[in-house]
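Undergrad: Protein chains in written order, with the working numbering: chain A, 242 to 567; chain B, 242 to 567.
Glycine included, each C-beta is placed from N, C-alpha and C at the ideal position.
Protein chains: 2
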Amino acid sequence: MNVLELQQIGQLPVIATRPMPEEIAGTAVVRLHAAALNHRDYWIVQGQYAQIRLPAILGSDGAGEWQGQPVVIYPALDWGNHPTMPGPAFRVLGMPEDGTFAEYIRVPRANLFPKPEHLTWEQAAALPLAGLTAYRVLFSRCQLQAGERVLITGIGGGVALMACQLALAAGAQVFVTSGSEEKIRRAVQLGAKGGANYRTADWHKQLREQAGGFDVVIDSAGGDAFALLPTLCNTGARIGIYGGGSGKINGLSPQVIFWKQISIHGSSMGSPQEFECMLHFVQQHRIVPIVDAVFSLAEGNAALERLAAGEQFGKIVLAIDGSAAN
Amino acid sequence: MNVLELQQIGQLPVIATRPMPEEIAGTAVVRLHAAALNHRDYWIVQGQYAQIRLPAILGSDGAGEWQGQPVVIYPALDWGNHPTMPGPAFRVLGMPEDGTFAEYIRVPRANLFPKPEHLTWEQAAALPLAGLTAYRVLFSRCQLQAGERVLITGIGGGVALMACQLALAAGAQVFVTSGSEEKIRRAVQLGAKGGANYRTADWHKQLREQAGGFDVVIDSAGGDAFALLPTLCNTGARIGIYGGGSGKINGLSPQVIFWKQISIHGSSMGSPQEFECMLHFVQQHRIVPIVDAVFSLAEGNAALERLAAGEQFGKIVLAIDGSAAN
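1) Which ranges would you report for the alpha helix (DSSP H) in the region 302 to 375 of chain B if only whole runs of at least 4 residues count?
2) Are at least three pairs of beta-carbons, each pair with one atom in the region 357 to 368 of chain B and one in the region 476 to 483 of chain B, less than 8 Å apart?
3) Out of Cys383(A), Leu245(A) and Ser381(A), point me to the one whose CA is closest to Thr258(A)'s CA.
4) If you measure from the CB of Asp282(A), is any heavy atom of the ligand NAD nearer than 7 Å?
5) Taking any Cβ of chain B, which residues in the region 483 to 501 of chain A have a Cβ under 9 Å from it, in chain order?
6) Quick check: the Cα distance between Ala462(A) and Leu247(B), rounded to an integer number of angstroms?
7) Could you say which of Tyr439(B), Ala466(B), Ile557(B) and Leu448(B) lies nearest to Glu540(B) if we only look at CA atoms?
8) Nearest chain B C-beta to His280(A) closer than 8 Å, yes or no?
9) Whose C-beta lies closer than 8 Å to the C-beta of Gly321(B) among residues of the same chain, with five residues either side of it excluded?
10) Among Pro513(A), Val529(A) and Ala560(A), which has the Cα closest to the Cα of His323(A)?
11) Less than 8 Å between the beta carbons of Ala269(A) and Ala366(A), yes or no?
12) Evaluate the contact criterion for the region 411 to 422 of chain B versus the region 439 to 447 of chain B: three or more CB pairs, one atom per stretch, below 8 Å.
13) Could you work out which residue in Gln406(A), Phe455(A), Asp443(A) and Gly395(A) is closest to Gln430(A) when comparing CA atoms only?
14) Can you give me the start and stop residues for the beta strand (DSSP E) that Val378(B) sits inside?
15) Would you say Thr553(B) and Gly300(B) are within 8 Å of each other, going by their C-beta atoms?
16) Return the residues of the region 333 to 347 of chain A that lie within a Cβ-Cβ distance of less than 9 Å from chain B, sorted by chain order.
17) Would you mind working out which of Gly399(B), Asn352(B), Asp302(B) and Asp282(B) sits nearest Pro530(B), comparing C-alpha positions?
18) Could you please give the first and the last residue of the uninterrupted beta strand (DSSP E) stretch that includes Gly436(B)?
19) Classify Asp213(A): buried if its beta carbon has 16 or more other beta carbons within 10 angstroms, exposed otherwise.
20) Can you give the beta carbon distance from Asn243(B) to Glu344(B), rounded, assuming they're within the 8 Å contact cut?
21) For a test of the three-state rule: what should DSSP assign to Ile505(A), helix, strand or coil?
22) For Ala304(B), which of Ile298(B), Gly267(B) and Val312(B) has the nearest alpha-carbon?
23) Taking a Cβ distance cut-off of 7 Å, strictly less, list which residues of the region 452 to 478 of chain B are near chain A, in chain order.
24) Taking the beta strand (DSSP E) that Glu424(A) falls in, what are its first and last residues?
25) Judging by CA-CA distance, which residue of Gly412(A), Ala428(A) and Thr472(A) is the nearest neighbour of Gly388(A)?
26) When you compare each of Trp307(B), Pro495(B), Leu385(B) and Gly511(B) to Asp500(A) by their alpha carbons, which one comes out closest?
27) Whole-angstrom Cβ separation of Pro254(A) and Asn542(A), contact assumed at under 8 Å?
28) Taking beta-carbon pairs under 7 Å, can you tell me which members of the region 306 to 337 of chain A lie near chain B?
29) According to DSSP, Lys556(B) sits in a beta bridge with which residue or residues?
30) Got a sec? Which residues, its chain only, sit under 8 Å from Gly454(A) by beta carbon, not counting five neighbours each side?
31) So, with DSSP's three-state summary, where would you put Thr472(B)?
32) Quick one: Cα of Asp465(B) to Cα of Asp456(B), how far?
33) Take Trp307(A) as the anchor and find which of Leu353(A), Ala401(A), Gln292(A) and His280(A) has the nearest alpha-carbon.
34) Please confirm whether His506(A) has its beta-carbon closer than 8 Å to some beta-carbon of chain B.
35) Is the shortest distance between the beta-carbon of Ser301(B) and the beta-carbons of chain A less than 8 Å?
36) Which term fits Asp460(B), buried or exposed, when burial requires 16 or more other beta carbons within 10 angstroms of its beta carbon?
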């Protein structure tokens, strides 16, 4: 079968041929129709990830068929038994285990879930990691309620956009930030009430004028701007952190946090139960993940370049035609 | 009646005479037997508090008698209707409303709770604000469970010590930090498993060696040291913040927070319901608040000096003899 293989750090992944995986007890070999990229894939290619083992087939997101059934794949392994937090063996799918940038993948059967019927293969592949991460941070961790005001920073990224769509479906009022006016406009078209460009000096004042205060903030930037988020919060607000692209947080006031009784919740991925709840929610509300662009498996490096450029609005997907496999 | 009155910012409070408060509908005039100091009182004397209105009788903590019944006073007003967070009218007792550094105080009747029978007047007066703050941050906010490992920073302060006592009674394993070896020794005598002097460069390494990792951390310092706390945490840990004496938090890693699924909970005071639960817990476990020193009302400034010096281990209390009142 054809795979996109990362063979050495400092090089780009290449198309390679690997033997078909065998279906052993408790596993399923899924014929993939689509996969999607995540920043994790890019960081591994850059050598910026813990415990990289090569060669590796990257890719955490996949949708395909198993025994004639359309499935999406839970994008992690060995969450463990505790519903609220992962155990020590927990890991994301795709390195060290073979990932979804391939014509076939072998995963534990427990990782297979029915594909939401209203989604295409590309849309379904765009869902797992972003949908799971967004669902857990919004609902399990930050306990978002209908009618609350939510700020989602860095709109355009896969998780941020999915969080926007889930929060809107839950009846929240959504505001966004972005470094791109165009992305803010597109979020407003989706249903967001407003937003501010974080490259402007007074973005936090603009948000306060538009929204008053926020009950929930979902952030993946961190950095110095994070310290302004509690000042934009209402009493009892929850701030979810699922990433930290801008680095360490500085200048955070303990006084604002304790006076306003704010909670800051770190969140990463989610449990199989949360994945199932997320799929149910997506099906119930007919949510369609936004696909930014579709590349073929052979165009994987162009897809990675688009991810690195940060201009996407939605998920970058690989369409996989496994007809030439074996 | 005699009161300790703060008449002007930049001056120390002085003993003054005020007319006896009248008991109007819904209120109780309590004859106070003891009051206790909190850092809030000191900050107001220093002019470092929002919206100071003078003259004022300070003091949030009090125990005394009403209609022959021994009572302790819930140390705040107008929490509001929401169980998990205070409403906009919420305020701490003692400035602008007359506080407990007086022979009598008028409070809403709903603020009176039966004094735990196993406590002296001085011990009972040491309980309200510290006990409430510690109870809410440990149990309501950080959901401490029996068997968990807890780190309490800055042991010796009223809330930190009370958190230590409550956590021990709840069956947790408690570790502490302090700038004083003597205070660490005294915490170990109380039942703490260990501790580290935060003035040593490797205090965090000492704690990791002693405890492995922490499930709950209770902090009132903030500052640069705060960034090390998540690195000492287990997956799923909760960090409670009820103060920020060392100022703004710098160098906090979003990655550590989201990978470990850590929650950081700001917490301040607590609701009347939490106060009632705290009193019940204290009664059930026969917890005795630690009184560092007892001064008379007339010695109030010596008491404030002792608080400012930071050498106390436990609460600084004012014994009040109201026999000469009216």
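TA: This is what the structure holds:
1) 362 to 366
2) no
3) Leu245(A)
4) Ligands in the displayed structure: none, and consequently the ligand NAD is not present.
5) Residues of the region 483 to 501 of chain A with a C-beta less than 9 Å from any C-beta of chain B: Tyr483, Gly484, Gly485, Gly486, Ser487, Gly488, Lys489, Ile490, Asn491, Gly492, Leu493, Ser494, Pro495, Gln496, Val497, Ile498, Phe499, Trp500 and Lys501, listed in chain order.
6) 46 Å
7) Ile557(B)
8) no
9) Pro327, Gly328, Pro329, Ala330 and Phe331
10) Pro513(A)
11) no
12) The way I'd put it, the region 411 to 422 of chain B does touch the region 439 to 447 of chain B; three or more beta-carbon pairs between them come closer than 8 Å.
13) Gln406(A)
14) First-last for Val378(B): undefined, no H or E at that position.
15) It is worth fixing the name first, because residue 553(B) is Gln in this sequence and not Thr. No, the pair does not count as a contact, with Cβ atoms beyond the cut-off.
16) Hits within the stretch: zero.
17) Gly399(B)
18) Gly435 to Asn438
19) Residue 213(A) falls outside the range modelled here, since chain A spans only 242 to 567, and no answer is possible.
20) 5 Å
21) strand
22) Val312(B)
23) If the cut-off is 7 Å between Cβ atoms, the region 452 to 478 of chain B has Gly463, Thr476 and Gly477 near chain A.
24) The question names Glu, but residue 424(A) in the sequence shown is Lys. That residue, Lys424(A), is in no beta strand (DSSP E); its alpha helix (DSSP H) goes Glu422 to Leu431.
25) Gly412(A)
26) The sequence as given places Trp at residue 500(A); Asp does not occur at that position. The residue with the shortest Cα to Cα distance from Trp500(A) is Gly511(B).
27) 7 Å
28) Thr325, Met326 and Pro327
29) Val532(B)
30) Arg390, Leu473, Cys474, Asn475 and Ala478
31) helix
32) 21 Å
33) Leu353(A)
34) yes
35) no
36) buried
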